[in-house]
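>
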Amino acid sequence: MSTMNKNYVTFLGSVNDDLMREIDNGASFADVLNRLGAIRSTWQEQLEAKASF
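Throughout, the numbering used here is defined as the position within the sequence shown, counted from one, plus 23.
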């Protein structure tokens with residue numbers, strides 16, 4: 024598995040942990056969707072930053 028794929032799998036695992044923790048703490052479905060949107064934005068910014076090199 025390439026380094027990028029390993030990083031992506033690690034990232035997805037941490038996303039899952041974060042979302043499960045929020046759900047366990049009583050987050051609503053809307054809260055979880057907002058969190059996913061923020062995560063996607065962060066991930067997209069990181070990909071764009073790497074692509075600019």
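Every residue, glycine too, gets a C-beta built ideally from N, C-alpha and C.
1. Where does the unbroken alpha helix (DSSP H) through Ala72 begin, and where does it stop?
2. Distance check for Leu70 and Gly49, CA to CA, integer angstroms please.
3. Asp40: which of Thr26, Ala53 and Leu59 sits nearest, CA to CA?
4. Pop quiz: Val32 and Ile62 are said to be a contact at Cβ under 8 Å. What is the actual Cβ separation, rounded to whole angstroms?
By the coordinates alone:
1. That run of the alpha helix (DSSP H) goes Phe52 to Ala74.
2. Gly49 and Leu70 have their C-alpha atoms some 31 Å from each other.
3. Selected option, being the one with the closest Cα: Leu59.
4. By a beta-carbon distance limit of 8 Å, Val32 does not contact Ile62. Their separation comes to about 15 Å.
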